[in-house]
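Asker:
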Amino acid sequence: MFTGLEDGMPGITPDPGFAKNGWIYLNRSLPETFKDEKAGGKAGIIRTSRFTLRGDTGTTTAAK
Numbered sequence: 004m005f006t007g008l009e010d011g012m013p014g015i016t017p018d019p020g021f022a023k024n025g026w027i028y029l030n031r032s033l034p035e036t037f038k039d040e041k042a043g044g045k046a047g048i049i050r051t052s053r054f055t056l057r058g059d060t061g062t063t064t065a066a067k
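The working numbering puts the sequence shown at residues 4 to 67.
1) If I follow the unbroken alpha helix (DSSP H) through K23, where does it start and stop?
2) Is the beta carbon of L56 closer than 8 Å to that of I15?
3) Can you list, in chain order, the residues of its chain with a C-beta nearer than 8 Å to that of G20? Leave out the 5 residues immediately preceding and following it.
4) Could you pull the start and end residues of the beta strand (DSSP E) that G14 belongs to?
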């Protein structure tokens, strides 16, 4: 588990149209960090992915 910067997965948000489209968004930080000389610390990579929930089992399709 990555424990730097945003510490893994900081956010899960449903789409405003979730009831119809089943979309949720996951915001997570990746472990690929690099030294940011200007800021005097590390800079990280943040990704947001959209998933579609299907049915009531909590399974998802591939990230978009």
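Glycine included, every Cβ here is placed at the ideal spot set by N, Cα and C.
Answerer: The answer reads as follows:
1) Taken as a continuous stretch (DSSP letters only), the alpha helix (DSSP H) holding K23 covers F21 to N24.
2) Cβ atoms of I15 and L56: not closer than 8 Å.
3) Excluding sequence neighbours, G20 sits near W26.
4) For G14, the enclosing beta strand (DSSP E) stretches over residues G14 to P17.
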